[in-house]
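S.K.: Quick mapping for you: the protein sequence lines, in order, are chains A and B. All letters in the first sequence, in the order written, are residues 950 to 1286 by the working numbering. All letters in the second sequence, in the order written, are residues 154 to 540 by the working numbering. Backbone N, C-alpha and C define an ideal beta-carbon position, used for all residues, glycine too. Owing to the predicted nature of the structure, the values given are computational and were not obtained by experimental measurement.
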Amino acid sequence: MLLQIVSALGVVVGAVIACSAYFYFSNKILDLALPVKDGDIRAASRNLNRRALVRPWLFVGPALFLLIVYLVYPVIATVVLSFYDRSGLQFVGLANYQWALGDREFRQSIFNNILWLAVVPAACTFFGLVIAVMTDRIWWGNIAKSIVFMPMAISFVGASVIWKFIYEYRGGNDVQIGLLNAIVQLFGGTPEVWISVPFWNNFFLMIILIWIQTGFAMVILSAALRGIPEETIEAAVIDGANGWQIFWRIMVPQVWGTIAVVWTTITILVLKVFDIVLTMTNGQWQTMVLANLMFNWLFRGGGDSGRSAVIAIIIMLAVTPIMVWNVRRANRELKGH
Amino acid sequence: MTAVGSYFKIGPARLFVHAAVLLIVILWLIPTLGIFVSALRDKDQIVVSGWWTAFVGSTQTVAVRLGTSDQQQQEGVTYVISGNVLEGQTGRSVKAFGNRVQQPAAFKAGETADLGDGETLQINSDGSYRYMKNAAFSPDERPKRIYASVSAPPQFTMQNYNTVLTGEGIGQSFINSLTVTIPATIIPILIAAFAAYALSWMEFPGRALMIALVVGLIVVPLQMSLIPLLRLYNEIGNLLGQPSKTYPGIWLAHTAFGMPLAIYLLRAYIAGLPKEIIESARVDGASDFEIFVRIVLPLSFPALASFAIFQFLWVWNDLLVAMVFLGTDKDHLVLTGSLNALLGSRGGNWEILTASAFVTIVVPLLVFFGLQRYLVRGLLAGSVKGG
């Protein structure tokens, strides 16, 4: 056990040294290969120019290599594989896409994903905004913020255990040890196995993600709210606006851009939601979502790379508009520099 | 005080804000509190009472056999068997008792119950009982079985942690998680920092394209990478005659998956460094390598810390990448994977699940509370990646 940790630390040290050595020696070699001597001015300036051409690629080289091998190539390969059979050897045209259209489980996943997309980003953004506004007004706001933000540090699996304990159901005459069922019983209701009630169970899973992500929305929006010029709010107060009007008419319009960023960020997260569904229901009781279906097909019956690829592509298509929007925004910022 | 602040100060509006925030804080804390408390409770108590009653103790129904007929003593016309149903148990008390399983709490402690056939039974709250009959107890009779609802004081124990760390493989998984996380957090920082420097302060063709590529790749779902990479790993494993699921494999995978966000965050910061510093260093004849190591790297510490925390939380909490690239055998199972497996195999054993969950989340929580400042800064700079 200890050996494993020591070796991990050894790897860290080794990797840091290797990285540093790569950058150091590759730069050194470049300088040696293209010498700049005092004698021949023309050769010196030619070599200087060549150095300037090559050196950036030494700096970005390792990063570019990783990006291409682990992200760019796989995206292309996945698209190609979606036209091949389960083993990836036989070209089958659009057969995998046809299968997806007709598959009940696939349609269920699409439906559930849309449900998640409709509820979670909106709920997180709304709660985040409201909590940000309220906590900015009280002296212990920072403590409250810390607590709402805390679930961000908890893994989805950990959060699933935490919430599964809340939804816990005990059969027969056993005492209900799950908080939800205990409360239901207190108010005279009948305890239920909440996560196996089709359709509604989706919402019980969504609550987990909302619990985790509201803190994120709150932190970002809180920073944006602080950036609102005081004068606009003062003017509204002088004009006799009430708290409600100040919130909706003055504050919200001024942080629209940030709301959009928060919304899209959570949207991407929701499209990839996997751990929560895997640990809570594993897609049973009609809770399947795309990422889990994709994972299932990756290994189901020895694995079907074609069908799995089709599902991955659907997720990819859903994030593409956001990707384009992000790239455009980044380009605009770059030109503004 | 801000204008809105003073607005809210007036009247009950401010009180409402305090109450609403308090409610939210409680709502957000309760789920985690539930497992913290449960992990420390005795495993027999967890199943008989909700964790919110942990501090007031619990009540459970137990079946007890009274003494045998050879213990009987004659007191006048009655025969008495006496003893204590809580023999050898300290701190517990009897709340009620009964002689039928359907009504285990038919009589209050201290009452004398008429059991028919001339028998009476009295159990006091300290557990002492007197079982009386108007005739001798026959030696053929089996000892009488009665039911008592016994209240136990709150009991807290570290036993659950002991069990999960040694018996359930959580200890090993903890080590595995560290083995994955430490290199996968540190390696990408260096690689990304060099790239970020080049993208901020060096002119080269394709620079704008590469920045656009990085921004675009931030949101590419992991799912798009899994299939080809799994095939690639298997092929390389076959080629080298090695298993395809190894620690170096997952270090590289995490390094690469974290790379777009790392470059994006670090570039935003490094590009914002004062131009004068870097240009004057250039005029003094420093090479790009020297500028990077001596000036840019030390100045970028806050951004490096932000990304390190991000990457640490993301790698520690990851389940998908670990399942695909590291596998689920004992020497490779990380904490999230372990917890997921326990949910399947120990679904109802909450003492094990809660203690395991606590072990899983304690490290990120410490990192979170210790370094929250940097995390917030990183979030504000890079709120484009979806987890």
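1. So for Val512 of chain B, helix, strand or coil by DSSP?
2. What did DSSP end up calling Met285 of chain B once you bin it into helix, strand or coil?
3. Among residues of its own chain, excluding the 5 on either side of Thr1074 of chain A, which ones have a beta-carbon nearer than 8 Å to its beta-carbon?
4. Between which two residues does the beta strand (DSSP E) carrying Glu1288 of chain A extend?
5. When you compare the CB of Met154 of chain B with every CB in chain A, is at least one pair closer than 7 Å?
6. Nearest CA to the CA of Gln255 of chain B: which residue from B:Glu228, B:Val477, B:Tyr300 and B:Ile234?
7. At the level of alpha carbons, what is the spacing between Ala305 of chain B and Ile1225 of chain A?
8. Which residue wins for smallest C-alpha separation from Arg499 of chain B, given the options B:Glu228, B:Pro296, B:Gly322 and B:Thr332?
9. Rounding to the nearest angstrom, what Cα-Cα distance links Asp980 of chain A and Phe347 of chain B in this structure?
10. Check the DSSP bridge columns for Ala216 of chain B and list the partner residues they point to.
11. Grouping DSSP H, G and I as helix and E and B as strand, with all else coil, what is Thr1230 of chain A?
12. Under DSSP, the beta strand (DSSP E) around Ile1199 of chain A begins and ends at which residues?
13. Can you have a look at Ser1042 of chain A and say buried or exposed, based on whether 16 or more other CB atoms are within 10 angstroms of its CB?
14. How about Asn502 of chain B: is its C-beta nearer than 7 Å to some C-beta of chain A?
15. Starting from Glu272 of chain B, trace the beta strand (DSSP E) in both directions and tell me its first and last residue.
16. Here's the rule I'm using: 16 or more other beta-carbon atoms within 10 Å means buried, otherwise exposed. How should Asp437 of chain B be labelled?
17. Considering Gly251 of chain B, what are the terminal residues of the beta strand (DSSP E) in which it resides?
18. Hey, is Asn493 of chain B's beta-carbon within less than 7 Å of any beta-carbon in chain A?
19. Hey, is Pro381 of chain B's beta-carbon within less than 7 Å of any beta-carbon in chain A?
20. Just to confirm my understanding: we take Val233 of chain B, look at its own chain, exclude 5 residues before and 5 after, and list those with CB closer than 6 Å. What are they?
21. Alpha helix (DSSP H) containing Gln896 of chain A: first to last residue?
22. Helix, strand or coil, according to DSSP, for Ala1102 of chain A in the structure here?
23. Can you find the residues in the same chain that come closer than 8 Å, C-beta to C-beta, to Val1238 of chain A, ignoring five residues on each side of it along the sequence?
24. List the endpoints of the continuous beta strand (DSSP E) containing Val143 of chain B.
25. Which residue's Cα is closest to the Cα of Ser1109 of chain A: A:Phe972, A:Ile1159, A:Gly1090 and A:Pro1023?
26. With DSSP collapsed to three states, give me the class of Tyr1118 of chain A.
27. Quick one: is Ile990 of chain A buried, meaning 16 or more other Cβ sit within 10 Å of its Cβ, or exposed?
28. Give me the subset of the region 989-1012 of chain A whose CB atoms are less than 8 Å from a CB atom of chain B, sorted by chain position.
29. Cα separation between Asn315 of chain B and Gly324 of chain B?
30. Following the continuous alpha helix (DSSP H) through Asn998 of chain A, name the residue where it begins and the one where it ends.
31. Closest Cβ-Cβ distance between Thr332 of chain B and chain A: below 7 Å?
32. Using a Cβ-Cβ cut-off of less than 8 Å, give me the residues of the region 501-527 of chain B that come near chain A, in sequence order.
33. Would you tell me roughly how many angstroms separate the C-alpha atoms of Leu532 of chain B and Ser994 of chain A, rounded to the nearest one?
34. When Cβ atoms are compared, which residues of the region 1245-1274 of chain A fall closer than 7 Å to chain B?
35. Can you tell me which of A:Asn998, A:Pro984, A:Val985 and A:Val960 puts its alpha carbon nearest to the alpha carbon of Glu356 of chain B?
36. Name the chain B residues whose beta carbon is nearer than 8 Å to that of Asn976 of chain A?
M.R.: So, to answer that:
1. What you label residue 512 of chain B is simply residue 359 of the second sequence in a count that begins at 1. In this structure, Val512 of chain B counts as helix in the three-state DSSP scheme.
2. As a first step, residue 285 of chain B must be located in the second sequence, where it is residue number 132. It is a strand residue.
3. Walking along the first sequence from the start, residue 1074 of chain A turns up at place 125. Closer than 8 Å at the Cβ level, and outside the excluded window around Thr1074 of chain A, lie Ala1166, Leu1170, Ile1208, Val1211, Trp1212 and Ile1215.
4. Residue 1288 of chain A is absent from the structure shown; chain A starts at 950 and stops at 1286.
5. Residue numbering aside, residue 154 of chain B sits at position 1 when the second sequence is read from its first letter. Unreliable placement is indicated for Met154 of chain B, whose pLDDT of 41 sits below 50; the coordinate value is still reported in the next sentence. Not an interface residue.
6. Translated into positions along the second sequence, residue 255 of chain B becomes position 102. Among B:Glu228, B:Val477, B:Tyr300 and B:Ile234, the Cα nearest to that of Gln255 of chain B is on B:Tyr300.
7. Here residue 305 of chain B corresponds to residue number 152 of the second sequence, with the count starting at 1. Here residue 1225 of chain A corresponds to residue number 276 of the first sequence, with the count starting at 1. Each residue's Cα considered, the two are about 36 Å apart.
8. Walking along the second sequence from the start, residue 499 of chain B turns up at place 346. Comparing Cα positions, the closest option is B:Gly322.
9. Here residue 980 of chain A corresponds to residue number 31 of the first sequence, with the count starting at 1. Here residue 347 of chain B corresponds to residue number 194 of the second sequence, with the count starting at 1. Asp980 of chain A and Phe347 of chain B: Cα-Cα distance of roughly 18 Å.
10. The residue you call residue 216 of chain B lines up with position 63 of the second sequence. According to DSSP, Ala216 of chain B bridges with B:Tyr300.
11. Walking along the first sequence from the start, residue 1230 of chain A turns up at place 281. Coil at Thr1230 of chain A, not helix or strand.
12. Position 250 of the first sequence, counted from the first residue, corresponds to residue 1199 of chain A. From DSSP, Ile1199 of chain A is part of no beta strand (DSSP E); its letter is neither H nor E.
13. Working through the first sequence from its first residue, we reach residue 1042 of chain A at position 93. Checking the sequence shown, residue 1042 of chain A turns out to be Gly, not Ser. The residue in question, Gly1042 of chain A, is exposed, as its Cβ has fewer than 16 Cβ neighbours within 10 Å.
14. One-based indexing of the second sequence puts residue 502 of chain B at position 349. Chain A contact via Cβ: absent.
15. In the second sequence, residue 272 of chain B corresponds to position 119, counting from 1. Run containing Glu272 of chain B: Glu272 to Ile276, per the beta strand (DSSP E) assignment.
16. Taking the first residue of the second sequence as position 1, residue 437 of chain B is located at position 284. Counting Cβ neighbours within 10 Å, Asp437 of chain B comes out exposed, since fewer than 16 surround it.
17. Stepping through the second sequence from its first residue, residue 251 of chain B is reached at position 98. Where Gly251 of chain B is concerned, the enclosing beta strand (DSSP E) stretches over Ser246 to Gly251.
18. By one-based count along the second sequence, residue 493 of chain B stands at place 340. It does; some Cβ of chain A falls within 7 Å.
19. Counting from one through the second sequence, the residue named residue 381 of chain B turns up at place 228. With 7 Å as the cut-off, Pro381 of chain B counts as an interface residue toward chain A.
20. Mapped onto the second sequence, residue 233 of chain B falls at position 80. Cβ neighbours of Val233 of chain B beyond the five flanking positions: Gln226, Arg283 and Met285.
21. Outside the shown range of chain A (950 to 1286) lies residue 896 of chain A, about which nothing can therefore be said.
22. Taking the first sequence and counting its residues from 1, the one referred to as residue 1102 of chain A is at position 153. Ala1102 of chain A: helix per DSSP, three-state reduction.
23. What you label residue 1238 of chain A is simply residue 289 of the first sequence in a count that begins at 1. Excluding sequence neighbours, Val1238 of chain A sits near Ser1058, Asn1061, Asn1062, Trp1065, Val1222, Phe1223, Val1226 and Gly1232.
24. Residue numbering for chain B in the displayed model covers 154 to 540; residue 143 of chain B lies beyond these limits and cannot be assessed.
25. Locating residue 1109 of chain A in the first sequence gives position 160, counting from the first residue. It is A:Ile1159 whose Cα lies nearest to the Cα of Ser1109 of chain A.
26. Position 169 of the first sequence, counted from the start, is the residue given in the question as residue 1118 of chain A. Note: Tyr1118 of chain A maps to coil in three-state DSSP.
27. The residue you call residue 990 of chain A lines up with position 41 of the first sequence. Exposed.
28. Ala1001, Leu1002, Arg1004, Pro1005, Trp1006, Phe1008, Val1009, Pro1011 and Ala1012
29. To locate residue 315 of chain B, count along the second sequence from 1; it is residue 162. To locate residue 324 of chain B, count along the second sequence from 1; it is residue 171. Taking the straight line joining both Cα atoms gives about 10 Å.
30. Here residue 998 of chain A refers to the residue found at position 49 of the first sequence. Residues Ile990 to Leu1016.
31. Position 179 of the second sequence holds residue 332 of chain B. Closer than 7 Å: yes.
32. Trp503, Leu506, Thr507, Ser509, Ala510, Thr513, Ile514, Pro517, Leu518, Val520, Phe521, Phe522 and Gln525
33. Within the second sequence, numbered from 1, the residue matching residue 532 of chain B stands at position 379. Within the first sequence, numbered from 1, the residue matching residue 994 of chain A stands at position 45. Taking the straight line from one Cα to the other gives about 44 Å.
34. Leu1247, Ser1254, Ser1257, Ala1258, Ala1261, Ile1264, Met1265, Val1268, Ile1271 and Met1272
35. Reading the second sequence from its first residue, position 203 is the one you call residue 356 of chain B. The option with the nearest alpha carbon to Glu356 of chain B is A:Asn998.
36. As a first step, residue 976 of chain A must be located in the first sequence, where it is residue number 27. Going along chain B in sequence order, the residues near Asn976 of chain A (Cβ under 8 Å) are Ser440, Asp441 and Phe442.
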